[in-house]
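To keep things clear, I will list the structure first and then write my remarks on it.
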Amino acid sequence: MKKYIREMLDDLLQKRNKDFIPPGPKSRANAPTVDLDQPPATPAMPEDLEAQILSKDPAQRVRQLAYQAQKDEERLSG
38 MKKYIREMLD
48 DLLQKRNKDF
58 IPPGPKSRAN
68 APTVDLDQPP
78 ATPAMPEDLE
88 AQILSKDPAQ
98 RVRQLAYQAQ
108 KDEERLSG
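Just so you know, we're using the numbering used here here: the sequence shown kicks off at 38 and counts up by one.
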């Protein structure tokens, strides 16, 4: 890797090769593969009332909030 960086710096410092970028180093055949993707988000648990999506319908929203209040009260007293 140091050799690659040194070559790239040398090439960039030369005025005649301003736009040239040397190719990246080849990976080893036995090198482990690194997955850079983020792990999938865990779905919200039904018990997690804070993550509940409230309805746009006002009557349904009142029922949802009443249910949340009831479950919170049960959780605190139980």
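Just so it is clear, CB atoms sit at the ideal spot from N, CA and C, and this is done for glycine as well.
Item: Coil, strand or helix - Arg100 by DSSP; Value: helix
Item: For Leu46, three-class secondary structure by DSSP; Value: helix
Item: Three-state secondary structure assigned by DSSP to Ala66; Value: coil
Item: Through-space distance from Tyr41 to Leu50, alpha-carbon basis; Value: 14 Å
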